[in-house]
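All residue numbers for the sequence shown refer to our numbering, where the first residue is -10 and numbers rise by one.
Idealized CB from N, CA, C, for every residue including glycine.
See below for the structure under consideration.
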Amino acid sequence: MKRTMHLDDLLKDWEFDPHTLNVRMVKGNDGRDVIQMRVDMGILQLETIARPDGQVIEGYPSYLEYLQETLLATPELVLDEDQCMEVDREFMQFYHRRICWLRLQYYNRAVMDADHTLRLMDVSERVSPDEDWTRSHEQYRPFVLFHRTQAAALGALEDNESGEEAVQAINIGLETIREFFTKHEAEEHFDEDELVVRLVELRETLRSEYEVGQTLREKLSTAVEQEQYELAAKLRDELNRRELD
């Protein structure tokens, strides 16, 4: 029997919609979950664990882990052209899966993939071949942090139905993005950045919908600014207690 090589039936049964992200979770032949993304002229299939393409890199589950181990043996490592290409491949794969997780509302998985990308960025910056290559990749760090912050906030709502924890997740994300702007001497552009504006809007929407006043951390910051040190100490103790619970 001649094996069918085309995708005609698959593409016909799942039409591409250019106005939305077309994503679904299906079962593989062995029963494992896989993600599929419908793109303009085909379908991408992504594994749900380790690397989205399912490849093992020199015995490691991702190129990030391979680089981390290589650095232990060769601290002076500088990426060559092929290694730069492999880093870019992994960046792109985890980007695709991250947006799929967000679309499927698997928020904790989106956080995990964002964290993987951020760690890969950290390692890549350390072993970068030159400043231009570093800048071309670091420019996307706020975007990854934006996705991570969104996912962390929405995941907090799902896990605990706590508006305060969601608001606090956004505050933490905003502060991390601010640190990026400060590092690159662009803090004056922070408040007007589109991603920052969108996160602030999400935070205030959640604050309104869940009737969240100031979070404990916000109250602590206010108390310190106003030199109310006794109140600040009590708030700090309460924060520590919550983190231990």
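Option nearest Met14 by Cα separation, candidates Leu93, Glu127, Thr194: Counting from one through the sequence shown, the residue named residue 14 turns up at place 25. Comparing Cα-Cα distances from Met14 to each of Leu93, Glu127, Thr194, the minimum goes to Leu93.
Touching by the beta-carbon criterion (3+ pairs, under 8 Å), the stretch 69 to 79 and the stretch 104 to 118: yes
Whether Met110 touches His126 by CB criterion (8 Å): Counted from its first residue, the sequence shown places residue 110 at position 121. Counted from its first residue, the sequence shown places residue 126 at position 137. Going by C-beta atoms, Met110 is nearer than 8 Å to His126.
Cβ neighbours of Leu91 in the same chain (closer than 8 Å, five flanking residues each side left out): Looking up residue 91 in the sequence shown gives position 102. So the list reads Ala99, His136, Gln139, Ala140, once near-sequence residues are dropped.
The beta strand (DSSP E) enclosing Met30, as first and last residue numbers: Here residue 30 corresponds to residue number 41 of the sequence shown, with the count starting at 1. Counting along the chain, Met30 falls outside any beta strand (DSSP E), and DSSP gives it neither H nor E.
Counted within 10 angstroms of its Cβ, other Cβ atoms place Ile38 as buried (16 or more) or exposed: Here residue 38 refers to the residue found at position 49 when the sequence shown is read from its first residue. Exposed.
Between the CA atoms of Leu(-1) and Thr(-7) - distance to the nearest angstrom: Indexing the sequence shown from 1 puts residue -7 at position 4. Indexing the sequence shown from 1 puts residue -1 at position 10. Using only the alpha carbons, I get a separation of about 12 Å.
Identity of the residues DSSP links to Glu36 by a beta bridge: Against the sequence shown, residue 36 aligns to sequence position 47. As DSSP reads the structure, Glu36 sits in a beta bridge with Val23.
Which listed residue (Val23, Val28, Gln57, Thr59) has its alpha carbon closest to that of Asp42: The residue given as residue 42 occupies position 53 in the sequence shown. The option with the nearest alpha carbon to Asp42 is Val23.
Host alpha helix (DSSP H) of Asn160 (start-end): For the purposes of this step, residue 160 is taken as residue 171 along the sequence shown, with counting starting at 1. Unbroken alpha helix (DSSP H) run through Asn160: 152 to 172.
With 16 other Cβ atoms within 10 Å as the buried cut-off, status of Pro131: Reading the sequence shown from its first residue, position 142 is the one you call residue 131. Buried, by the Cβ-count rule.
Proximity winner among Ser51, Glu154, Phe170, Glu176, relative to Tyr199 (alpha-carbon distances): Within the sequence shown, residue 199 is the residue found at index 210, counting from 1. Of the listed residues, the one whose Cα sits closest to Tyr199 is Glu154.
Range of the contiguous beta strand (DSSP E) that encloses Leu14: Within the sequence shown, residue 14 is the residue found at index 25, counting from 1. One point to set straight first is that residue 14 is Met, not Leu, in the sequence displayed. Note, Met14: beta strand (DSSP E), 11 to 16.
Distance CB(Ile159)-CB(Leu188) smaller than 8 Å: On the sequence shown, position 170 is the one that residue 159 refers to. On the sequence shown, position 199 is the one that residue 188 refers to. It is a contact, given that the beta carbons lie within the stated cut-off.
Between the CA atoms of Ala145 and Ser235 - distance to the nearest angstrom: This structure does not reach residue 235, given that the chain is present from -10 up to 234, and the question cannot be answered.
Distance between Arg27 and Pro7 (C-alpha atoms, nearest Å): Within the sequence shown, numbered from 1, the residue matching residue 7 stands at position 18. Within the sequence shown, numbered from 1, the residue matching residue 27 stands at position 38. Looking at the two C-alpha atoms, the distance is approximately 10 Å.
Rounded separation between Thr59 and Leu191 - CA only: Translated into positions along the sequence shown, residue 59 becomes position 70. Translated into positions along the sequence shown, residue 191 becomes position 202. When rounded, the distance between both Cα atoms is 41 Å.
Sequence-distant residues of the same chain with beta carbon closer than 6 Å to Arg40, five excluded per side: Position 51 of the sequence shown, counted from the start, is the residue given in the question as residue 40. Only Ser51 meet the Cβ criterion.
Inter-residue Cα distance where the pair is Glu174 and Thr63: Here residue 174 refers to the residue found at position 185 of the sequence shown. Here residue 63 refers to the residue found at position 74 of the sequence shown. Rounded to whole angstroms, Glu174 to Thr63 spans 32 Å at the Cα level.
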